[in-house]
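Let me begin by presenting the structure, written as structure tokens, before commenting on it.
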Amino acid sequence: MCVRESKSFPRIWIIFLVLGLAQALTQADTQGTADRQELLFSTAEETLFSTDKAKFDWPWFGNKTTKGTPAGLILKNDYSQMDISSFSDFERHPCRRVCQQGQTQSCYYQLVVHNYQRLGPECQRCQFDERACAAEHCIYGDGVASPVMAVNRKIPGPAIELCENDTVVVDVLNYLGEPTTMHWHGLNMVDTPQMDGAAFVTQYPVQPGEVQRYEFKADRGGSLWYHSHMGWQRGFGVAGHLIIRKTRQANQHAHLYDYDLVEHALMVQDIFYDHELQTVRNILINGKGRNHLNQLPDNDNRHRYERLRVTPGYRYRMRVLLNGIANCPVEFSIEQHKLLIISTDGNDIEPVLADGFFLTSAERFDFVLNANQLSKSYWISVRGYEQCDGRKLYQGAVLSYRGATRTELPQGNILGSTQSRTLDADNLLKPTYSSQQSRALSAAPVLVNDYRIMPTIAAGPEAFLRLATAEKDNNVGTVALRSLQPVPWPRNTRFRTYYSSFSLRRAPNGELLFQIDEISYIPPDISLLQGRNLFEDDGYFCNRSSLVAQGRNCQQDVCECLNVIRMPAYRPIEMVVANYMTNTHPYHIHGNSFRLVGQGVVGNIDDLRNIQYLDRQGRLPRLPDHYHAVLKDSVQIPGLGFIIVRFISDNPGFWLYHCHVEAHAVQGMMAVLKIGEDYQMKQVPARVRC
Ligand SMILES: [Cu+2]
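As structure tokens, this is what we get:
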């Protein structure tokens, strides 16, 4: 498929060619490949393997997701000279509109992915004048200079705003010195599986100096996002909001708010300095935030915070997503405000009035904020846990009421009131609840999706279901959220159950192996969807069953291969996924949203046979069918715990299944679901690139 002409395309294409050619001529690749390095991320892992601190070379072509790609060009870094007239933040894009029935559009975008600088030369005025930051394309970050990767000179990349059923055409121009792809997280790509953006699964990577056109239908509403699916790129900034709105008639929550503004969409992200990928240094909100290295108080006006403006008396829909790279779940709240939570992962839920919510990587929550407090500024606070807890990382943004001074910062500390309540919650130990702890819980504020407090099977199935459902006034676990839509299968449907595991182990050579089903993923050389007729599955794939059949014992051997789990198409599928580690992992599958019907803590697990045994004994309870189990695309698997998800496999294809902590995914915590047979999959162009 080749690039279709569009009005604005030829000009940028010429610039692009000239730039690429000049760079190719003048700068040869100077970066070698790095051997696979070890990553030491969660506190648990640090305890286990505290002696090996590795520093990454960059670009890091030794990692698994870029296997088979050529060494990168080093592209020009001086983007202050770049012609940005074709770049856009899409503020005046014709597809940004009030959605009306029967008025779908075709929407064209250009996303230029390029190297950039945090606190680069564009930031001179921003350091003295908050209002200059956006206008000058300054990526201020936390005021610490560092190389980053941006989209159209922005981090987060420009938000794409559409209406449901619009046709989307996006040209991704790769100005990086390494291959890239773009994933449209939350869209299942039913008609266009080749547009999913999974390297060597649904497409070949877009090489430096290439452009790829992504074309698909925005066939669902919600808070979605786009992000690079290569290596660490989204950690360096290649990510943005993809907001698909519904018509008022189709939006069941329309009556709950007055405004739904893109400036109220927040991307929370953990960041590194330079290329030291083993240490999380800060959390930013929309690319900004306080610097933890200096000793300035939170409300010193030399910090740069994201500022959300509201007018008293109105209700605002706000959207938050966590573009998490490390194992750094966050707690989100707003000083002196309740949050009416109405959607998760772009799927509407029965509203829950809460004091705050937790996010693990890739999760999203939408909430309504009622601007009913005094006209001043309030802290929006984010507190990091797990790997972000060691450095006590937190961040703020400012909720600024009309009437407050334009640059006023709130009084007090960012964490302020949240500190006392999170300390309370810290005392709630997994995996069992004493009656005393239950009382503490009942006095606690309402927190949604708190990964630390999970139903535990030690308390029995009845207690599990009680915690999952009835006792949701204080601690609303993910599994307790209720979709607005009933589950799409009849009562008493028989599901085909797949057991799977997330684990970490050390190979005899000292290498750390992040694994799914005790297999570290090795990506293929042939893109699976495009090249499916070129190989015999049995010779090319591995999986838990095939390795057992070969007499391999992956608890002893090192199993590294192309892990493809086969599932029949058009069947009710259930996955029970166990986490052998003490830290959480965000589970994500492409091509399918799922209902979360079970989630809890088991205690020590290191063998799927134990999970299967517990399940046979009825100790892994599922929500009943009459419960409208929440629909999600990313969900946390608790430490030493499990999730149970269900979906109808009505989207045949090759779909990635992986942990959404980038550090884990690039180290092998990935697999592929092959849903259906080759003949059931959509015909796609043999090679989708120009
Ligand atoms: Cu993980």
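So in the working numbering, spot 320 of the sequence shown is number 323, and the numbers just go up one at a time. Beta carbons are placed, not taken as given, at the ideal position from N, Cα and C, and that holds for glycine.
Counting only heavy atoms of ligand 1, the residues whose C-beta sits closer than 5 Å to one of them are, along the chain, HIS588, CYS662, VAL664, HIS667.
Of all alpha-carbon atoms in PHE657, ASP92, VAL451, the one lying nearest the alpha-carbon of TYR682 is that of PHE657. Secondary structure of GLU563 (DSSP, three-state): strand. Taking C-alpha positions only, LEU659 is separated from HIS593 by approximately 5 Å. In the same chain as ARG128, and ignoring 5 residues on each side of it, the C-beta atoms closer than 7 Å to its own belong to ALA135, GLU139, in chain order. Judged by their CB atoms, ALA329 and ASP277 are not nearer to each other than the 8 Å cut-off. The secondary-structure analysis by DSSP pairs THR459 across a beta bridge with VAL604.
In the DSSP annotation of this structure, GLY621 is not part of any alpha helix (DSSP H), being labelled neither H nor E. Sorting THR183, GLY642, TYR454, ILE246 by C-alpha distance to the C-alpha of PHE93 places ILE246 at the top. Along the length of the region 148-232, whole beta strand (DSSP E) runs at least 3 residues long occupy 149-154, 160-166, 170-177, 185-188, 214-220, 225-231, reported in chain order. The bridge partners DSSP lists for MET321 are PHE370. By the C-beta density criterion, GLN602 is buried, having at least 16 other C-beta atoms within 10 angstroms. Rounded to the nearest angstrom, the gap between the Cα atoms of HIS186 and PRO196 is 11 Å. Per DSSP, the beta-bridge partners of VAL675 are VAL567, LEU659.
For SER403, the closest C-alpha among the options VAL147, GLU125, TYR319, GLN488 is that of TYR319. By the neighbour-count criterion, in which a residue is buried when 16 or more other Cβ atoms sit within 10 angstroms of its Cβ, GLU680 is exposed. A residue is called buried when at least 16 other Cβ atoms come within 10 angstroms of its Cβ; LEU324 meets this threshold and is buried.
In the structure shown, ARG649 falls within a strand segment according to DSSP collapsed to helix, strand and coil. As for any alpha helix (DSSP H) of minimum length 4 sitting wholly inside the region 515-589, the runs are 540-543, 547-552, ordered along the chain. Excluding residues up to 5 positions away in sequence, PRO196, GLN197, VAL204, THR205, GLN206, GLY656, PHE657, MET684, VAL687 lie with their Cβ nearer than 8 Å to the Cβ of LEU532 in the same chain. Taking C-beta atoms as the reference points, ALA374 and THR314 count as a pair closer than 8 Å. Exposed is the label assigned to LEU377, since fewer than 16 other Cβ atoms lie within 10 Å of its Cβ. In the DSSP assignment, ALA329 falls outside any alpha helix (DSSP H) and carries neither an H nor an E. Within a 10 Å sphere around the beta-carbon of ASP194 sit fewer than 16 other beta-carbons, which makes this residue exposed. Among the bridge pairs identified by DSSP, VAL385 is matched with PHE335, GLN398. Looking at the DSSP output, VAL116 bridges to VAL154, ASN177. Using a C-beta cut-off of 8 Å, the region 348-367 makes no contact with the region 304-312, since fewer than three inter-stretch Cβ pairs fall below that distance. Shown here, LEU611 sits in a helix according to DSSP, grouped into three states. Looking at the DSSP output, TYR111 shares a beta bridge with VAL172. For ARG409, the closest alpha carbon among the candidates SER384, VAL101, LYS379 is that of LYS379. With fewer than three CB-CB distances shorter than 8 Å, the region 233-242 does not count as touching the region 544-563. Per DSSP, GLU353 is one residue of the beta strand (DSSP E) stretching across 350-357. Remark: C-beta atoms of ALA221 and VAL171 approach each other more closely than 8 Å.
Looking at SER596, TYR119, HIS591, the one whose alpha-carbon comes closest to that of ALA148 is TYR119.
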